Amino acid sequence: QQQVKQSPQSLIVQKGGISIINCAYENTAFDYFPWYQQFPGKGPALLIAIRPDVSEKKEGRFTISFNKSAKQFSLHIMDSQPGDSATYFCAVHSGAGSYQLTFGKGTKLSVIP
Amino acid sequence: GAGVSQTPSNKVTEKGKYVELRCDPISGHTALYWYRQSLGQGPEFLIYFQGTGAADDSGLPNDRFFAVRPEGSVSTLKIQRTERGDSAVYLCASSPLAGGHNEQFFGPGTRLTVL
């Protein structure tokens, strides 16, 4: 059973546009929601993360929107740049005795000039 | 400072062989994790170490997989009697403290190909 569902699978955005990636989860015990960025041949790197006590977090061009009642969270990349072209993974974590991250299947973002 | 390093970067083996994959975490990080990433998928949790002990090995797919961290630093993931389905990128991550919401820093991975 997939604990976190991520969409879309791939995304093409023009330079300067907004990239939006969505994730949905079922387990209300999850209490930490990070987004990771992965370039080819590299390991994932933490981009931004949010806890469920806030509805939005912004860091530079990257924003997480969190909807606790809908059990959904999304990543918005403003003013998308070709250097943002990568695969993005949402993840969930339950702090209740669990230390593992559970990842979505990923979204391959291509930002075209 | 140096990040998480993994060796080898690529490993090609034949079905039925034994392989060892090594992870050097960031110095001072007490928590270490192994994940497996199949093509087109997100990383899947395998095992978590706190210090020298495996605190959670619930993600290991079967008893052919085993991992150790004898001195609380370097870790080795061992796979016996490899199968073609074991082909994937094996990722190691470390974090400064145990559990909770501490950021996990990932290495570049070892790409394992079982022929």
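Protein sequences, first through last, are from chains A and B.
By the numbering used here, the letter at position 14 of the first sequence is numbered 14, and the numbering carries on one by one without gaps.
Offset between the second sequence (1-based) and the numbering used here: plus 113.
Even for Gly, the Cβ is constructed at its ideal location relative to N, Cα and C.
Note that the coordinates shown come from a computational prediction; the quantities given were computed from them, not determined experimentally.
With a threshold of 8 Å, are at least 3 pairs of Cβ atoms found where one atom belongs to the stretch 46-64 of chain A and the other to the stretch 6-15 of chain A?
Taking 8 Å as the limit for Cβ pairs, the verdict is that the stretch 6-15 of chain A does not touch the stretch 46-64 of chain A.
Which bits of chain B does K105 of chain A rub up against, with CB to CB less than 9 Å?
G153, Q154 and G155
In whole angstroms, what is the alpha-carbon distance linking E184 of chain B and T143 of chain B?
Rounded to the nearest angstrom, the gap between the Cα atoms of E184 of chain B and T143 of chain B is 11 Å.
Rounded to whole angstroms, what is the Cα-Cα separation between T120 of chain B and S69 of chain A?
44 Å
Quick check on the burial criterion: 16 or more other C-beta atoms within 10 angstroms. Buried or exposed for S151 of chain B?
exposed
Run down chain A in chain order and give the residues with a C-beta less than 9 Å from the C-beta of P221 of chain B.
G41, K42 and G43
Against chain A, does D169 of chain B count as a neighbour if the rule is that its beta carbon must be under 9 Å from one of theirs?
yes
Rounded to whole angstroms, what's the CA-CA distance from Q100 of chain A to V111 of chain A? Just pull it up for me.
31 Å
Out of A:C90, A:F33, A:K42 and A:S80, point me to the one whose CA is closest to I50 of chain A's CA.
A:F33
So which residues on chain A does A158 of chain B lean against when the C-beta distance must stay under 8 Å?
Going by the sequence as given, residue 158 of chain B is Phe instead of Ala. Per Cβ cutoff of 8 Å: Q100, L101 and T102.
Give the interface partners of H214 of chain B over in chain D, defined as CB-CB distance under 9 Å, in chain order.
This model lacks chain D altogether, as its protein chains are A and B.
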